[in-house]
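As structure tokens, the structure follows; a few thoughts come after it.
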Amino acid sequence: MKNQIHLFFSIACFSFLFQSCNSGPNLKIDTNNYQKKVDSLIKIMTFDEKIGQLNLLASGWDVTGPVMDPNYKQLIKQGKVGAIFNAYKVDYVADLQRLAVEETRLGIPLLFGYDVIHGYRTIFPIPLAQSCTWDLAMIEHSDRIAASEATAEGINWAFAPMVDISRDPRWGRVSEGAGEDTWLGSKIAAARVRGFQGESIYDERTLLACMKHFAAYGAPQAGRDYHTVDISERSLLEYYLPPFKACVDAGVASVMTSFNEISGVPSSSNHWLYTDLLRDSWGFKGFVVTDYTSIYELIPHGVAEDSAHAGELALNAGIQLDMQSSIYLKNLKNLVATGKVNETLIDKAVSDILTAKYKLGLFDDPYRYCNKTRQENEIMTQESKDFARQMVTKSCVLLKNDNQTLPIPESVKKIALIGPLGDADVDMLGNWSATGLAQNCVTLLDGLKSEGINKNIQVHFVKGCNVNDDSTYGFNDAIKAAKNADYVILALGEHRNMSGEAASRTNLDLPGVQLHLAEKIIELGKPTAVILFNGRPLTIPELNKKAPAILEAWFGGVESGNGIADLLFGKAVPSGKLTMTFPLNVGQIPIHYNMKNNGRPVDPTNPEYQFRSKYLDSPNEPLFPFGYGLSYTTFEYSDLKLSASEITNTDTLLIQARITNTGNFDGEEIVQLYVHDLVGSVTRPVKELKGFSKVFLTKGESKTVTIKLTTNDLRFYTLDMLYAYEPGKFEVYIGPNSSTGLKDSFLVK
Ligand code: NOJ
């Protein structure tokens, strides 16, 4: 590792083969035999045919950048395309596949990629929301359903998971990730790879996963998407890279580059990242695809003079499949002829891409993902929708609940639902919602009405205002509706396109006049619960001061309204916990729970003392810390016990605590374990998550939770850049979130 770090910072049928594939049992897929088949195929490929395999084009739907080659069908027929993205539906995919298989000399099938980020048609909560479930099996299963639906419509490659750690909620793409924590993010990353790829990629209901965006895309300066990343090597290795390593260890089939630079080197020309680290050190065996036109973008980055130079830098760095810029197609021949690129690198790229096609079984049957029966019967099944509904209930986070405002009391018969997101359908999908349809979304109004019918509850909806303008046209109607009701639900937040790609914000307050509307309604004094819909943490200190109850619902996908209604009426009890800190104000950003202490931390005995690390105009503490989330019931933590007071590298430390449900509902608690390495050869965070346990407790019940720790869990990049633990004293905390908990300590020998 040391060398790599040093390196990084010092470099600032083939018709006949195909036919026979279909004709004899000996040519059926043989997992041990890909390489031989791939090698023999490569031997008969012309140079142009090889280059064709390195070209990935959009079919023209859902593009997020310039379409460089609208002529993609013609190019497929000419053998100049190896993969297509944004094409789905069996007939369409089969048509395109036919062009590759029947009209090119070798008949090499195409890969079909798509952004399957949080569901395919059954859209689940956005990934940030999913991470708040802390439920790895549930997250894995949601991606299994997504894979199954996508493969039923022709897709065999998902551009997911996005495993970018981010500590900056201004960055709109936090909605696509698992939050700020590396440890939890790594577990979720591996679960997602398992979900997409299953036991075998050859299974027709699984597909290739693609970890993205390698690397550190979540740390752009000022939270502005695509912007420069300039972080220390230690932060890169310790906080941003581990989720990618977890994906590689889980056998991820592909990786996508990131748009950003790190330390002056854009990802798509970063030899250290893609060759030394990913391949040589981590042993990654899949293929590398660019994010969109990122080879071309080496020119505006200012490291390439022109397209040819950009292609040279990218290929030599280890970047294999060119999405949308067609730079390889147009330049590789000349680059090889002039000796700037070695053909062996091209062969290696072709080999990795063909291997993926073999693994998918495309050489057995190029149309195996084009199955109409599956398309008709396996998408949006009742079972998938039920699962999606349950996932909504687990991903919502109860932020405040004064006087047990929630759940809605049985006595309530007239509800006023007020706010611009109360009956919003398409917004429930969140961003990157694949083939999700607005008409399939259950809005909050739908959910409340269908739950309320049996209970004789009337729901009166008034929009009140728009999400993001300054008109107060609907305030009077909203106030009237609230006055007539015995309970008020405020549905506030962002539009779905206010987070996601190219959706950074500098102001994280509720947009438009929504806070103003909320204040007018809350001051009427009715029991009022706020439901927030948003793709990132917002700054809501005023709302938090005034609203009796706040439920963070994110964007929950097609079953949003039903899942939220389950929680509001007490059919389900909130258990989600935040995976990203909610700042008090934008000035605190970047803010995350695992910060360093620094040399002048605020002195709790004299917090006013001037020359300490603090603000003149704001506390250091966030509004809601990482790990935070309430339940309708309450949990008491007691009896923290450690199995030993000292451990060595052969021991497993058992950390136990007793959790008691002291409230009036059965409920689930996410018990969290944090450690603090008190003295290191380099400074260590004040707390680091190292384990958790989800425990279900009926009213009055107690259970002892045990979480294990070994010295492996205590490793970090030391002063010498060794990934190792250091002996010494560690504090350990077990608690309901990152800011509080029972505390003890142990020694590592
Ligand atoms: C750009 C995005 O950054 C990436 O995440 C996505 O997979 C590609 N576009 C393809 O749509």
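No gaps in the numbering here: position 360 of the sequence shown is 1179 in the numbering used here, and each next residue is one more.
We put the beta carbon where it would ideally sit given N, CA and C, even for glycine.
Residue i, buried or exposed, once every other Cβ within 10 Å from all chains shown has been counted against 16
i	result
ARG1324	buried
ALA1401	Note on residue identity: the sequence assigns Phe, not Ala, to residue 1401. Buried, by the Cβ-count rule.
ASP934	buried
VAL1567	buried
GLY1519	exposed
SER1290	exposed
PRO1039	buried
GLU1378	buried
SER859	exposed
TYR1552	buried
GLY1004	buried
TYR1542	exposed
GLU968	buried
Nearest residue (CA-CA) to residue i, options the options
i	options	result
ASP1244	GLY1375, LEU1442 and TYR1186	GLY1375
THR788	ASP858, LEU925 and TYR1493	No information on residue 788 is available, as it lies outside the stretch 820 to 1568 that the chain covers here.
LEU1096	ALA1034, ALA1156 and LEU1508	ALA1034
LEU1132	SER1145, SER1144, LEU1117 and MET1142	LEU1117
THR923	PHE904, GLN872 and GLU1342	GLN872
GLU999	ALA1010, LEU1164, ALA1009 and ASP987	ASP987
GLN1143	ASP1110, LEU1164 and ALA1156	ASP1110
ASP1532	ASP1496, LEU1561 and GLY1519	ASP1496
ASN1326	LEU1472, ALA1337 and PRO1356	PRO1356
VAL1067	ILE1114, VAL1012 and TRP1091	VAL1012
PRO1555	ARG940, GLY1446 and ASP1246	GLY1446
CYS1284	GLU1313, LEU1267 and GLU1270	GLU1313
LEU1370	LEU1218, PRO980 and ASP962	LEU1218
GLU1229	SER1203, GLU1270 and PRO1085	GLU1270
ASP1166	GLY1180, LEU1151 and THR1517	LEU1151
ILE1138	ASP1125, ALA1123 and SER1113	SER1113
ALA1156	VAL857, GLU1342, PHE866 and PHE1352	PHE866
Identified DSSP bridge partners for residue i
i	result
ARG1477	SER1457 and THR1523
GLU1507	VAL1494
TRP1091	Paired residue(s): none; TRP1091 is not in a bridge.
VAL1567	ILE1466 and GLY1547
TYR1306	ILE1234
MET981	LYS1031
VAL1281	ILE1237
GLU1488	VAL1514
TYR1552	TYR1493 and LYS1562
TRP976	GLY932 and LEU1027
Inter-residue Cα distance where the pair is residue i and residue j
i	j	result
ARG1193	THR1200	11 Å
VAL1524	ARG1315	38 Å
ASP1288	PRO1330	8 Å
ALA877	CYS1029	17 Å
LEU918	LEU1140	20 Å
ASN841	ASP1183	Because ASN841 sits at a pLDDT of 33, beneath the cut-off of 50, its placement in the model cannot be relied upon, and the point is left open.
PRO889	PHE931	17 Å
LEU1561	GLY1486	21 Å
LEU1055	HIS960	30 Å
SER1088	LEU1435	43 Å
ILE1237	ARG1419	47 Å
TYR1059	GLU1052	10 Å
PHE1511	ILE1489	7 Å
ILE945	GLY996	8 Å
ALA1235	LEU1442	28 Å
MET1148	ASN874	The sequence given here has Leu at residue 1148, not Met. Computed Cα separation, rounded: 7 Å.
PRO1185	VAL900	15 Å
GLU1507	ASP1022	38 Å
ALA1366	ALA977	41 Å
PHE1535	GLY1499	10 Å
TYR1292	GLN1333	12 Å
Under the three-state DSSP convention, the category residue i falls into
i	result
THR1530	helix
TYR1059	helix
GLU995	helix
MET1540	coil
VAL1071	coil
GLU810	Missing from the structure shown is residue 810; the chain here goes from 820 to 1568 and no further.
LYS821	With a pLDDT of 36 at LYS821, under the threshold of 50, the modelled position of this residue cannot be trusted; read the value that follows with caution. In this structure, LYS821 counts as helix in the three-state DSSP scheme.
GLY1375	coil
LEU875	strand
GLY843	Unreliable placement is indicated for GLY843, whose pLDDT of 30 sits below 50; no coordinate value is reported for it.
Beta carbon proximity, residue i to chain B, threshold 9 Å
i	result
SER1100	Structure shown: chain B not included; a single protein chain is present.
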